[in-house]
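In order, the protein sequences belong to chains G and A.
Under our numbering, the first residue of the first sequence carries the number 48, and numbering increases by one thereafter.
Under our numbering, the first residue of the second sequence carries the number 139, and numbering increases by one thereafter.
From the three backbone atoms N, C-alpha and C, an ideal C-beta is built for every residue, glycine too.
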Amino acid sequence: MNKIIQSGLLCFVMLISSCSLFEPDNFDAPDVALEGQVVDILTGKPVLTDQGSEGIRVRLTELSWGDNVEPNPDFYCMPDGTFRNTKLFKGNYRITVDGPFIPLIREDEDGRELADESIVMDLQSDHQIKFEVQPFLHVEWVGEPTVENGKIIAQVKVSRAVSPEDFRTKVEPMGNYNDDFLNMTDIQFFVSYSSSVGYRARDERWSSRVDYSGNSFDQLFGETITLESNGEIPAGRTVFIRAAARINYDTPAGSGTKRWNYSEAKEVLVD
Amino acid sequence: MNRKRFLSIWTIIAGAACMCLNACVDLDITPKNVVADDDVLSTDAGVNIYMARMYSLMPFEDFKYTAQWGFENNGWLNSAGIEGTGEAVNREGLSAAFTSERTPYWNKGFELILEANYLLENLPNFKENFSEELYNHYLGEAYYARATAFYTMAKRFGGIPLVTKVIPYPASSEEMEVPRATEEETWDQILEDFDQAVELMMEESPIEGYSNKYVALAFKSEAMLYAGSVAKYNQDVSGRLTGLGRKTGVRVIGFDATTWQTASIRYFTEAYKAAREVMQDGGYSLYKKRWTADDPEAQYQNMVDMFSDLSSPENIYVKQYIFPTTTHAFDAYNLPFTFRAPLASGTCPTLDFIELFDGFDRYPDGSIRVTNGDQNASGNYLMFDSPLDFFKDAEPRLRAYVIFPSDEFRNKQIDVRAGVYIGDTPIKPFFSNYAYNTADTRYQNLSIYNGSSKSLYLSPREGGSQEIVDYNGKQMTAAGQEGPFYDNGEATVTGLYLRKWLNTDPNAEGGEGKSAQPFILMRYAEVLLNAAEAAIELRLADATSPDGSDFLQVATDAVNEIRERAGANLLQGTLTADIDGRNTVRKERRKELAFEHKSKWDIRRWRVAHYEGRDGFWGETRDKNKFSNNENYRFRGLYPFFSTKTGKYFFDARFQWVASKTYGYTPLNYYFEIPGGEVAKSAVIDQQPNR
């Protein structure tokens, strides 16, 4: 019996001898909140987007860890162009956003940095930040949508939010410049039961789109364009609609993702 | 002091001694139980053991490989062509586009590279122990293994760390850390290693299972075709799909704007030369043991047999299995529903896939005709006495790959029926719209099924859950014994079953670990197709023929040789040096090499999986908006229905009905993410720059 107790004690002493017994081995829970918004530098209006990897990507890199750091897991802006992360560790961060606007980090073909408009800051307490960017397009509703035979007819106006000259000045040094980048390629008309309507939350049955080849849209900038939904939406239902347009340029460069600029969502009663 | 206390003191002392005395003297004696170079690398038998280990690390995509999971070597739920290639779909979550692997091929790759490098560095110490021929062959095997590892990594990641020597350990981080090379350097290294292997290896494998000169040449042609395609078709992806690593500034993916063109021609030329050498000197030929001209039945049987006949002259490299020690479970997961043991229907071919084949009536847009209108939403359904009549002119090759509804398998008629229709004839199409955006409206949503005047019967599940219809005084189940059942994805989900690779023996015992069919990793048909594709690409680039042969003639002959064996229509005239000619070769490849873990790489290297390139997804040009929106794509099934009024069958072509799957792919996926841990722990390993 004694032997069991003694060898048990011996094991116990061995087990606890290697750790700092009375020091809590713990790290403060992440409690810093970062709120931000992405706005158009010219108008101050938020850059509307979609929630998902085709929207505005927020990337945080915690620089306090040294030179060789990988970014934190990415997250994405809410549809109104704002973001909030309330579970960040204290530290020194580089904060950058990618979306349907002139890239904040621009490098030339050889990887040399041309510009870096991302924000580097110490986050020891809650912060609010604002990114002022140059979105590619503005998409606005014109008038109120109408409903006819279960189809929604809405009118939008798409205009350039950044002048072709500005775009070229900033994008051309990045290499592989092509005049096609500025071409408007398509307008999406998203319809959904969900108020967070958009690329992800669209209803395939009713959403529609209009494609434009080459620079055929150039003379339509600022003009009123009529969009019509597909299929027949059952009467008596409330749906939400949203329009989105994009140019032939992917952000971040090389990702192959061409992001849309969005209009606001609108509620429509189908009767 | 009593005995007990004495003992426990001893215990404590002994314990203390164990802890204190564990670092005394260097025991500089070679342990007897460790096998050293002298033992392994000094005799042929020893090298044979070394080879066995090296080969056990080889990344073979066969019955033990699942695209979603990577090289995990267990074969769980193994099936073929379900990773968004369109060849097949199934009910499982692992039927998803090939955008990453759960176990990335990184660490395992470097293990194999180490084995190869070690052999290259240490075998020369024992050179005099071997005949010159075998000594060279062993070195060739090491180069071949290394080329295979590099190639397997490069097609996933682009530029990779080119570890070409044994890295000492422990050592300083400069000695141990190897950054990623450019993608072009990586493919050049692969080319060099394959060339070394080709030069050193014997013409015939000295031992069964070893590689040889022609195995290396065949895989070289495949690898170089991949490299040439990537160099060329990266240009078509927006942003040119290239970028520099953040840490090193090295072009880890894609090619430089000034070199891609020459690189592409260089790789295609190498692919062509390698394939031509196999064709001219390798002594291989297409399997035609049972083949007879103008006899579809014999041509079909011939192509069924060829996948299990180890003496086939077409086999270049085969992974063999032996019951009961090394087995797989392909039958257990992929047999038709009533054979299930313990699962079934893991590979359900799609209508889009069979549309590639000859022998069907078509609509003007090229899709398979099921009604007498000008598209499948118009006209009336075509009626057939038996579902097999629909396939009576189908290409024999297709029948060898796919079990048609009501066709025979293991002496049993495979009873596939989606439902029974009791309404009047002629029968109008069930849906007014078959477009992509209505794909989620299914047969069970139709008012003729769930409305007050029911004329369509379907079955949610098998057995007692089958709906029953009276027909000619007899009771008939709505769905066939082999499905499809709309609430049970365990039977076919497309109306079709796989035949290729399955054991055809009616007496075969079912169950996991009971299958021992070989997997053909490389066969002569692929070499022909490699030559044909490289030839067309070279002709498109106005390159000169390396051996004076006529590119277009070689390509035409290769395609015709395969078509003749397959029982398909031969080409009219020679192939042309344009996109049509190229697509003819691509389409032939999609058909011939289906379900062999090859198409997912073809789609990838042609850069046709993302929305902008998706018109070329099927090798031939098809309007992408018919099977995709700007994000996802999906595939169709072919569903046979029985009409009680006529006693005949008709077919409906509808997007996958049961366990409906969508697939998504963006240009990012053309280069897999480097494992995060590897990037985080190294100061030189770059993540993909576009991620």
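- [ ] Measure how close the beta-carbons of GLY222(A) and TYR801(A) come, nearest whole angstrom, since I'm counting them as under 8 Å.
- [x] As a working note, residue 222(A) is residue 84 in the second sequence. As a working note, residue 801(A) is residue 663 in the second sequence. Contact holds; Cβ gap of about 4 Å.
Task: Inter-residue spacing [alpha-carbon to alpha-carbon] between LYS94(A) and VAL665(A) - done: There is simply no residue 94(A) to check, as chain A begins at 139 and stops at 829 in what is shown.
Open item on the list: Less than 9 Å between the beta carbons of THR149(A) and SER172(G), yes or no?
Closed with: By one-based count along the second sequence, residue 149(A) stands at place 11. By one-based count along the first sequence, residue 172(G) stands at place 125. With contacts defined by Cβ atoms closer than 9 Å, THR149(A) and SER172(G) do not form a contacting pair.
- [ ] Under 7 Å between beta-carbons, which chain G residues line up against ASN575(A)? List them in chain order, please.
- [x] Here the question's residue 575(A) lines up with position 437 in the second sequence. Chain G residues near ASN575(A): GLU251, ARG252 and ASN277.
TODO: Hey, could you find the ends of the beta strand (DSSP E) VAL79(G) is sitting in?
DONE: Numbered from 1 along the first sequence, position 32 holds the residue referred to as residue 79(G). Start and end: 79-87.
- [ ] Determine the direct distance from the alpha carbon of VAL456(A) to that of LEU424(A), and round the result to whole angstroms.
- [x] For the purposes of this step, residue 424(A) is identified with residue 286 of the second sequence, where counting begins at 1. For the purposes of this step, residue 456(A) is identified with residue 318 of the second sequence, where counting begins at 1. So the alpha carbons of these two residues sit roughly 15 Å apart.
Open item on the list: Can you list, in chain order, the residues of its chain with a C-beta nearer than 6 Å to that of ALA818(A)? Leave out the 5 residues immediately preceding and following it.
Closed with: On the second sequence, residue 818(A) is found 680 positions in, with the first residue counted as 1. There are no such residues.
TODO: Check whether the Cβ of LYS217(G) lies closer than 9 Å to any Cβ atom in chain A.
DONE: Counting from one through the first sequence, the residue named residue 217(G) turns up at place 170. No, no contact with chain A.
- [ ] State the DSSP-derived secondary structure class of PHE236(A), mapped to helix, strand or coil.
- [x] In the second sequence, the residue the question calls residue 236(A) occupies position 98. Coil at PHE236(A), not helix or strand.
Task: Coarse secondary structure for MET221(G), derived from DSSP in three states - done: Residue 221(G) sits at position 174 when you count from the first residue of the first sequence. Looking at MET221(G) - three-state DSSP - the assignment turns out to be helix.
Task: LYS832(A) at chain G interface by Cβ criterion, 9 Å - done: Nothing can be reported for residue 832(A), as the shown portion of chain A is limited to 139 through 829.
Open item on the list: Give me the chain A residues within the contact set of ASP297(G), using Cβ-Cβ distance strictly less than 7 Å, ordered along the chain.
Closed with: Taking the first sequence and counting its residues from 1, one reaches residue 297(G) at position 250. Within 7 Å Cβ-Cβ: SER376 and GLY377.
TODO: Below 6 Å CB to CB, which residues in the same chain sit around PHE755(A) once its five sequence neighbours on both sides are set aside?
DONE: On the second sequence, position 617 is the one that residue 755(A) refers to. Here the set comprises VAL746.
Open item on the list: Strictly below 8 Å CB to CB, what residues from chain G border VAL172(A)?
Closed with: Within the second sequence, the letter at position 34 stands for residue 172(A). Under the 8 Å cutoff, chain G gives no residues; its nearest Cβ is about 30 Å from VAL172(A).
TODO: Measuring alpha carbon to alpha carbon, tell me which of GLN458(A), PRO534(A) and GLN418(A) ends up nearest ALA654(A).
DONE: Working through the second sequence from its first residue, we reach residue 654(A) at position 516. Checking every option, the nearest Cα to that of ALA654(A) belongs to GLN458(A).
- [ ] Could you tell me whether the Cβ of ALA300(G) comes closer than 9 Å to any Cβ of chain A?
- [x] Counting from one through the first sequence, the residue named residue 300(G) turns up at place 253. Answer yes: the Cβ-Cβ gap between ALA300(G) and chain A drops below 9 Å somewhere.
- [ ] Taking ASN223(G) as the query, report the chain A residues whose CB atoms sit under 8 Å from its CB, ordered along the chain.
- [x] Counting from one through the first sequence, the residue named residue 223(G) turns up at place 176. What ASN223(G) touches in chain A: GLY377, ARG378 and ALA395.
TODO: Name the one or two DSSP bridge partners that GLN710(A) has.
DONE: By one-based count along the second sequence, residue 710(A) stands at place 572. DSSP, once it has assigned bridges, lists no residue as partnering GLN710(A).
TODO: Could you name each continuous alpha helix (DSSP H) segment of 4 residues or more that falls completely within the segment 521-571 of chain A, going from the start of the chain to the end?
DONE: 534-539
Task: Of the residues ASP331(A), GLU323(A) and LEU258(A), the one placed nearest VAL304(A), counting alpha carbons only - done: Position 166 of the second sequence holds residue 304(A). For VAL304(A), the nearest C-alpha among the options comes from LEU258(A).
Task: CB contact below 9 Å: GLU210(A) versus chain D - done: Of the protein chains in this structure, namely G and A, none is chain D.
Task: Residue interval of the beta strand (DSSP E) (run including GLN418(A)) - done: Residue numbering aside, residue 418(A) sits at position 280 when the second sequence is read from its first letter. GLN418(A) -> not in any beta strand (DSSP E); alpha helix (DSSP H) instead, spanning 398-419.
TODO: Measure the C-alpha to C-alpha separation of SER233(A) and GLU647(A) and round it to an integer number of angstroms.
DONE: By one-based count along the second sequence, residue 233(A) stands at place 95. By one-based count along the second sequence, residue 647(A) stands at place 509. Approximately 27 Å, taken between the alpha carbons.
TODO: Pull up the distance between the alpha-carbon of GLY158(G) and that of PRO827(A), whole angstroms please.
DONE: Along the first sequence, one-based indexing puts residue 158(G) at 111. Along the second sequence, one-based indexing puts residue 827(A) at 689. When rounded, the distance between both Cα atoms is 10 Å.
Task: chain G residues whose Cβ lies nearer than 7 Å to that of PRO242(A) - done: Mapped onto the second sequence, residue 242(A) falls at position 104. Per Cβ cutoff of 7 Å: no residues; PRO242(A) is ~15 Å from chain G at best.
Open item on the list: If we define contact as Cβ-Cβ less than 9 Å, is GLU323(A) a contact residue for chain G?
Closed with: Stepping through the second sequence from its first residue, residue 323(A) is reached at position 185. With 9 Å as the cut-off, GLU323(A) does not count as an interface residue toward chain G.
Task: Burial state of VAL796(A) (16 or more Cβ within 10 Å) - done: Indexing the second sequence from 1 puts residue 796(A) at position 658. So VAL796(A) ends up on the buried side.
Open item on the list: My output table needs one value for MET125(G): the three-state DSSP class, helix, strand or coil.
Closed with: Position 78 of the first sequence, counted from the start, is the residue given in the question as residue 125(G). In the displayed model, MET125(G) falls within coil according to three-state DSSP, outside both helix and strand.
Task: Runs of alpha helix (DSSP H) lying entirely within the segment 209-253 of chain A, each at least 4 residues, in chain order - done: none
TODO: Compare the C-alpha of ALA251(A) against each of ALA205(A), SER311(A) and ILE298(A) and name the closest.
DONE: For the purposes of this step, residue 251(A) is taken as residue 113 along the second sequence, with counting starting at 1. Note that residue 251(A) is Ile in the sequence shown here, rather than Ala. Of the listed residues, the one whose Cα sits closest to ILE251(A) is ILE298(A).
Open item on the list: Can you tell me whether PRO644(A) is buried or exposed? The criterion is at least 16 other CB atoms within 10 Å of its CB, across all chains shown.
Closed with: In the second sequence, residue 644(A) corresponds to position 506, counting from 1. That one is exposed.
Task: Contacting positions in the segment 507-533 of chain A - beta carbon closer than 7 Å to chain G - done: none
TODO: Might you give, ordered along the chain, the residues of its own chain that have their beta carbon closer than 7 Å to the beta carbon of ALA134(A), omitting 5 neighbours on each side?
DONE: Within the shown structure, residues of chain A are numbered from 139 to 829, placing residue 134(A) beyond reach of any answer.
Task: Reduced DSSP category for HIS275(A) - H, G, I as helix; E, B as strand; rest coil - done: Here residue 275(A) refers to the residue found at position 137 when the second sequence is read from its first residue. Helix.
TODO: Would you check if the distance between the CB atom of ASN228(A) and the CB atom of THR302(A) is smaller than 9 Å?
DONE: Translated into the one-based positions of the second sequence, residue 228(A) becomes position 90. Translated into the one-based positions of the second sequence, residue 302(A) becomes position 164. No, the Cβ-Cβ distance between ASN228(A) and THR302(A) is not below 9 Å.
- [ ] Go ahead and pull the three-state DSSP assignment for ILE823(A).
- [x] Along the second sequence, one-based indexing puts residue 823(A) at 685. If DSSP states are grouped into helix, strand and coil, ILE823(A) belongs with coil.
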